[in-house]
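Asks: Below you'll find the structure I mean.
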Amino acid sequence: MRNRSNSGVRLDYYQRLLNKTILKYQNPVTGLLPSSEENSHAWVRDNVYAILSVWALALAYRKTADLDEDRAKAYELEQSVVKLMRGLLRCMMTQVEKLEKFKYSQHVNDSLHAKYCSKTGKTVVGDHAWGHLQIDATSIYILSLAQMTASGLQIIFTLDEVSFVQNLIFYIETAYRTPDYGIWERGDKTNHGLPELNSSSIGMAKAALEAIDELDLFGARGGPLSIVHVLPDEAQQCQAILHSMLPRESNSKEIDAALLTVISYPAFAVDDGEKVEETRETIVSKLEGKYGFCRFLRDGYKTAREDRNRLHYEPWELQVFERIECQWPMFFALSVLDGLFNGREQQVKKYSEKLDAVMLKTDEGIYVIPELYAVLKDKVEQEYKEPNSQEREPLGKMPHKWGQSLYIISKLVQEGFLSPGELDPVNRRLVSEPKPDIVVQVVILAEDDYIQSKLLEHDIKVQTMSEVTPLQVFPARVLTQIYSLLGRNKKLGLTGRPKNEIGLLATSKLYSFHDQIFAFIPQMADEHLFYLPKDTILKLDMFANDVGFLSSNWKCLGRPLVIFPVSSDLNYLDVGHNPPGALIGTIRKLQSGYIAGTRVHLGNLDEFVTTSCITKLSFLRDPSHSEEVKNLIGDIFNKAPDVRPRLLSSTRMRVRSHSKSSVHGIVRRSRSIQVDPDQAQALQQSLKKLERGIAIPDDLPTRPMSPNLHLKGSLHPLHYSHHAPSSSPQLSHFFHGQMSFPPGKQESINIDELVDQLNTTEVLHEQADIVHYLYLHRGPNFEIKIDNKPCCIKELLVELYEKAGHWKHWGLVRHTAGMLRKRVEELALAATDLLVRQKQLSVGLPPDRERVVMRPLPPDDLASIIFDACGEDLSTASLTQELLIYLAMFIRTEPKLFNEMLRLRVGLIIQVMASELARTLKCTGDEASEHLLNLSPYEMKTLLHHILSGKEFVINTEHTNVEDECRLSVTTKNVGDEATEFAKLSRKPHLKMQKSMPRLDPHALEKEDDVESDRQGQWLRRRRLDGALNRVPVGFYPRVWKVLKMCHGLVIEGHHIPHSLTREMTPGEFKFALHVEMVLNKIPQPEYRQLMVEALMILTMMTENENSKLYFNQLIQVDKIVHVANGIYIKEQKIPDDVVELSKGAAGICLHFYDTAPSGRYGTMSYLCRALASILPLPTDMDANLDCSLS
């Protein structure tokens, strides 16, 4: 018999080590590994990590086998792996009903269990008795399944199991917006059972989604039906959120050692090398110790100061765990693997030595890794004084199977038995490798021959929808319908993929089924859904953004393909029915090969078939699909593309005179936007009186139920007898008098008369008033007759929405969209983009209607909150959704706009936008709110950007080709012109400033404010803007934490921020910032809030300059500092009492003080410093001089 080679002997050693520490615990029936000999609970995550070493050793035996005995050992180890992975699969499949529920609810009680009985495979605790929602555990299972299958193991045996794994993918694909309990199972670090959005969970889910995409679960012996599919947008969304959160783990954990598994082995989820390095350095600097890494700061688990009689911690006691957190040696093993995968020899050497130093030797001579090391009880005080100076004792499980497995894997790679690539057959480790430049392919398709001919007049050759055959083009919603069949399995009761919207990456691929190839129009171009695509300029702007997005996020084989449809609605702008100039300009840029810095290739659809990414819709061939499903597939592919009929003719008719409706102005009276916040409460009460409590169904159709139209006229909506106010431009929105019904009048209105008026009127705003009244008082299903044709109110609403959209009557479009309960497709994603970037959201107008959104929600739940917050003001409900989309766009592309803004209060932002319009247009608040609601989506986005960036803007009026209609446009104010005008004013003090916008009315606006008065109010305006936007200075919240550390607490307008918060939370913790923000938001006046922020900054500068030597045994009254400073200002400026009385502003503070610059000798900061010195007992020197320096 041959002697064993040295490698064989060494592998045999590791096999014995595995048998003694891991495999000897494997249950022979279920294949699961119990937590310990005394505890039969088998955790999903721990089992997967433990079995990875068995798989690694099997790979090593298979690679170096020199005897049949080695091949046999490799097979035995492989079967142990298969046994455990199938055991976990069986456990999860017994909970298929919970999986099905969770796909739609994302509720913690519907999640799969995190642990099972290792003897029976059954659940061991109830749904509410444990933090079961642990997305990272399910994700590491899917990731490991993909790696093992790619290495040649067959773990999945049947198509039913394939369907279940496909639904596991649906389970984890919403990780980017699903708070869970995380890798340590306890959620928020106080252990009160509060789930959080965790970076480690999102990163593991992203890695799993990318690893298993298009993988054949039957391996080399599989076919089309055993392939699983992942929509690329789900993984990309996880990536975007992950990048924005790192190096933060969650709201309560500013850093976590678990992120090592995300930035390195096994997930390799981050493709930004700088972000990886930043996260690694943060972990090492804050968590590394002599015996291992702490899991996170102030982790009390198994410390000497932990109360073992309860799971949760009191908030105040978290501080006692600081500096004595237990250290986990398994993170040394992870750091060794990280060094091996990245070729860092020094790192491998450093952590190998540290790991060897903390290994324990058993009585059998086996080296094992303990779970953790804790500071001894009698040495806690010394450890507080000098961290990492005291000896620690090993505690917890021994061996710790998870850590032991990572140790064995690191040794196999270190000793050359495996290369890093063999542990990663799906090539996750290459995710950060540089990618080639992406060329985006663009196809422009005309809706019909008429559009094609109009574009040809500009030397632009495009195809029509019908000319691309045999290829077929469908809207994105058809792809949503197709993918709803993916994973459907009647035997298991699985309904397939939820009908969530399809993203841009998915519609940028081609799809094949049998011998047909399909292309899909992006979601943003679908006018049947939300109204944003009805604005041509916004659609083109979003198209340019989407092209840039594809160039930076495309990871599939082949080039991305974007289809841009040109519909007949684009012809309304120009006389002669020419395409809009913006469209022609965009096409010219595409023809040049570049748009917004991105390389593009413009061509016909058939030219790009060979260079595009093509995905086979193989799951549609599943024979288990019922006849009903087969018919559904046939309906999708056999019917012609859905083309929206033209609702209105392009001709205009003379308007005949008619009497004013008895419900004249009812739409306008449903508005709640107010420039003056003091009017809010009275307004809310009046709106409550208007509400009738009629339930608005969520399933209103988005298309007319009949092709026959009911509302008369292709009239221009501007024709009406009641003229716009003379002080504002005549816009494409009706201005009604503020009529109010006398008591009992509404109830006495004759419905038949209203229907008769609806039959005769051809004026859009009158139709809107009547339909709105009938909808509120008779409900959406109330039937009437128009021209002797029966129809219900909801049909008229849809038609009204289409007509308003045709005329670009944006105020009415927003109102009818609200009545139809339309939800923007990317609403949940937009809110999530904001929330995970440490921003909170609130919708609705304060004080009564404001609703706070603190965590990601499913789309329907979020839409429901918005509609509830806006009440009867349906226009604002639509505008709120619209602004959330724009805010998300800005935070993705220009995150600096949101620096130090913790809560985005959309209701206040709407008020600020209206007040800025009122200031710029010199009009009343009611007129400004009408102007705001009638801005086109693109102008709305532009105005919001100017508000956020602080840029000065001007409003211009533009005449359109239709009658005498005027529209508003927002442009940036030229700083040079402003300076020139100011210079002229200084030479001629009495010269009035010329307006930069065209004169709105020859008899209006006779009085203009001069530049000097504009300059006088700029600091008051800036404070109001910053207060409404909740903007604070950089590093504000950690600095407030230091102030809180030196006193008993802060009091702001009667609301207390206690000193005990410093014991519960760390300075960089998001929860602390939220608490301070919550107190500041109790102040209703934005300018007063900003003075509070300035007073707090004075306190922070004092603590920094005094190096924390100060301590005050009292509560610091921040509002008192502001009021004393105001008093000093009034006294020093010698303002007469009568003037003081007349100039009182918010909270009794002088308006002149609000309008004073912060810096300078006579700035507000100077007065606040002096107020602080008079209130607090600051130290003085021997001559009674103040011993405090502020800078």
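Numbering (my numbering), first residue to last: 1 to 1191.
Even for Gly, the Cβ is constructed at its ideal location relative to N, Cα and C.
Helix, strand or coil: which one does DSSP assign to Glu1203?
Replies: In the structure as shown, the chain starts at 1 and stops at 1191, and residue 1203 therefore has no counterpart that could be examined.
Asks: Would the C-beta of Ala357 count as close to the ligand GTP, meaning under 7 Å from any of its heavy atoms?
Replies: The ligand GTP is absent from the structure shown, which contains no ligand whatsoever.
Asks: Using only alpha-carbon positions, find the residue among Asp860, Phe332 and Gln463 that is nearest to Glu353.
Replies: One-based indexing of the sequence shown puts residue 353 at position 353. For the residues Asp860, Phe332 and Gln463, the minimum Cα distance to Glu353 belongs to Phe332.
Asks: Between Gln840, Gln757 and Thr190, which has its C-alpha nearest Met854's C-alpha?
Replies: Residue 854 sits at position 854 when you count from the first residue of the sequence shown. That would be Gln840, whose Cα lies nearest to the Cα of Met854.
Asks: Across which residues does DSSP place Ile955 in a beta bridge pair?
Replies: Counted from its first residue, the sequence shown places residue 955 at position 955. Paired residues: Val970.
Asks: Can you check whether the CB of Ala205 is closer than 8 Å to the CB of Ile172?
Replies: As a working mapping, residue 172 is identified with position 172 in the sequence shown. As a working mapping, residue 205 is identified with position 205 in the sequence shown. Result yes, Cβ atoms of Ile172 and Ala205 sit closer than 8 Å.
Asks: When we look at the beta-carbon of Arg588 and count the other beta-carbons within 10 Å, is it buried (16 or more) or exposed?
Replies: Position 588 of the sequence shown, counted from the start, is the residue given in the question as residue 588. Arg588 should be labelled exposed.
Asks: Helix, strand or coil, according to DSSP, for Thr480 in the structure here?
Replies: As a position in the sequence shown, residue 480 is number 480, starting the count at 1. The answer is helix: DSSP assigns Thr480 an H, G or I state.
Asks: Taking the CB atoms as reference points, tell me whether Thr507 and Phe520 lie closer together than 8 Å.
Replies: Locating residue 507 in the sequence shown gives position 507, where the first residue counts as 1. Locating residue 520 in the sequence shown gives position 520, where the first residue counts as 1. Yes, the pair counts as a contact, with Cβ atoms nearer than the cut-off.
Asks: For Arg177, which residues in the same chain have their Cβ closer than 6 Å to its Cβ, ignoring the five residues on either side in sequence?
Replies: Looking up residue 177 in the sequence shown gives position 177. Within the same chain, Arg177 has close Cβ partners Thr832 and Pro856.
Asks: For Ala1208, which residues in the same chain have their Cβ closer than 8 Å to its Cβ, ignoring the five residues on either side in sequence?
Replies: Absent from the structure is residue 1208, since the part of the chain shown begins at 1 and ends at 1191.
Asks: Apart from the five residues on each side of it in sequence, which residues of its chain come closer than 7 Å, Cβ to Cβ, to Gln767?
Replies: Here residue 767 is taken as the residue at index 767 of the sequence shown, counted from 1. Within the same chain, Gln767 has close Cβ partners Leu711, Leu758, Thr761 and Leu800.
Asks: Specify the secondary structure class of Phe982 as computed by DSSP and reduced to three states.
Replies: Residue 982 sits at position 982 when you count from the first residue of the sequence shown. Note that Phe982 scores a pLDDT of 33, beneath 50, so its modelled location is shaky and nothing firm can be said.
Asks: Restricting to Cα atoms, I'd like to know which of Asp449, Val1043, Leu827 and Pro1158 is closest to Leu884.
Replies: On the sequence shown, position 884 is the one that residue 884 refers to. Selection Asp449, Val1043, Leu827 and Pro1158 evaluated against Leu884 yields Leu827 as nearest (Cα-Cα).
Asks: Assuming the contact rule is C-beta atoms closer than 8 Å, Leu225 and Leu159 should be a hit. Round their C-beta distance to whole Å, please.
Replies: Taking the sequence shown and counting its residues from 1, one reaches residue 225 at position 225. Taking the sequence shown and counting its residues from 1, one reaches residue 159 at position 159. Leu225 to Leu159, Cβ: 6 Å. Contact.
Asks: If distances are taken between C-alpha atoms only, which option among Leu337, Leu455 and Val1140 comes closest to Ile263?
Replies: On the sequence shown, residue 263 is found 263 positions in, with the first residue counted as 1. Among Leu337, Leu455 and Val1140, the Cα nearest to that of Ile263 is on Leu337.
Asks: Around the C-beta of Leu11, are 16 or more other C-beta atoms found within 10 angstroms, so that it is buried, or is it exposed?
Replies: Against the sequence shown, residue 11 aligns to sequence position 11. Counting other Cβ atoms within 10 Å of its Cβ, Leu11 reaches 16 or more and is therefore classed as buried.
Asks: Starting from Ser512, follow its DSSP beta bridges and name the residues at the other end.
Replies: For the purposes of this step, residue 512 is taken as the residue at position 512 of the sequence shown. Ile517 and Lys616.
Asks: Based on the DSSP output, what are the partners of Met901 in its beta bridges?
Replies: Here residue 901 refers to the residue found at position 901 of the sequence shown. DSSP output for Met901 lists Arg1031 as bridge partner(s).
Asks: What is the DSSP secondary structure of Glu691, counted as helix, strand or coil?
Replies: To locate residue 691, count along the sequence shown from 1; it is residue 691. For Glu691, the predicted structure reports a pLDDT of 43, less than 50, and the residue's modelled location is therefore unreliable. A value from the coordinates is still provided. Of the three classes helix, strand and coil, the one that applies to Glu691 here is coil, per DSSP.
Asks: So, does the CB of Phe543 fall closer than 8 Å to a CB anywhere in chain B?
Replies: The chain labelled as chain B is not found in the depicted structure, where only one protein chain is given.
Asks: State whether the stretch 490-500 contacts the stretch 542-549, with contact taken as three or more CB pairs (one from each stretch) at a distance under 8 Å.
Replies: no
Asks: Would you please state the rounded distance, in angstroms, between the beta carbons of Ala208 and Leu143? I believe it to be under 8 Å.
Replies: Here residue 208 is taken as the residue at index 208 of the sequence shown, counted from 1. Here residue 143 is taken as the residue at index 143 of the sequence shown, counted from 1. With a Cβ gap of about 4 Å, Ala208 and Leu143 count as contacting.
Asks: Just to confirm my understanding: we take Asp256, look at its own chain, exclude 5 residues before and 5 after, and list those with CB closer than 6 Å. What are they?
Replies: Sequence index remark: in the sequence shown, residue 256 carries index 256 (1-based). Correct list, in chain order: Glu249 and Phe296.
Asks: Does the structure place the stretch 891-905 close enough to the stretch 860-879 that three or more beta carbon pairs sit under 8 Å?
Replies: no
Asks: If we call anything under 8 Å between Cβ atoms a contact, is Gly907 one with Gly805?
Replies: As a first step, residue 907 must be located in the sequence shown, where it is residue number 907. As a first step, residue 805 must be located in the sequence shown, where it is residue number 805. No, Cβ-Cβ distance for Gly907 and Gly805 is not below 8 Å.
Asks: Is it right to say Lys1082 is buried, meaning 16 or more other beta carbons lie within 10 angstroms of its own, or is it exposed?
Replies: Residue 1082 sits at position 1082 when you count from the first residue of the sequence shown. So Lys1082 counts as exposed.
Asks: Pairing CB atoms from the stretch 474-485 with CB atoms from the stretch 611-624, are three or more of them under 8 Å?
Replies: yes
Asks: Figure out for me which residue from Lys1042, Thr1103 and Gly1027 has the closest Cα to the Cα of Met1092.
Replies: Locating residue 1092 in the sequence shown gives position 1092, where the first residue counts as 1. When each option's Cα is compared against that of Met1092, the closest is Gly1027.
Asks: Let's see if you can read the secondary structure: which residues bound the alpha helix (DSSP H) around His1123?
Replies: As a first step, residue 1123 is located in the sequence shown; it is residue number 1123 there, counting from the start. Here the alpha helix (DSSP H) through His1123 covers Val1118 to Gln1133.
Asks: Alpha carbon to alpha carbon, how far is Thr149 from Ser551?
Replies: Here residue 149 refers to the residue found at position 149 of the sequence shown. Here residue 551 refers to the residue found at position 551 of the sequence shown. Each residue's Cα considered, the two are about 31 Å apart.
Asks: Among Ile793, Lys286, Leu1099 and Lys490, which has the Cα closest to the Cα of Tyr1111?
Replies: Counting from one through the sequence shown, the residue named residue 1111 turns up at place 1111. The residue with the shortest Cα to Cα distance from Tyr1111 is Leu1099.
Asks: Distance check for Glu802 and Asn604, CA to CA, integer angstroms please.
Replies: Here residue 604 refers to the residue found at position 604 when the sequence shown is read from its first residue. Here residue 802 refers to the residue found at position 802 when the sequence shown is read from its first residue. Answer to the nearest angstrom: the Cα atoms are 31 Å apart.
Asks: If you reduce the DSSP assignment to three classes, tell me which class Leu700 lands in.
Replies: Along the sequence shown, read from residue 1 onward, the residue named residue 700 stands at position 700. Low confidence applies here, because Leu700 scores a pLDDT of 39, under 50, leaving its location unreliable; read the following figure in that light. For Leu700, the three-state secondary structure derived from DSSP is coil.
Asks: Could you pull the DSSP bridge partners for Lys789 from this structure?
Replies: Here the question's residue 789 lines up with position 789 in the sequence shown. According to DSSP, Lys789 bridges with Ile786.
Asks: Could you give the uninterrupted runs of the beta strand (DSSP E) lying entirely in the stretch 431-462, keeping only those of 3 residues or more?
Replies: Segments of the beta strand (DSSP E) lying fully in the stretch 431-462: 440-446.
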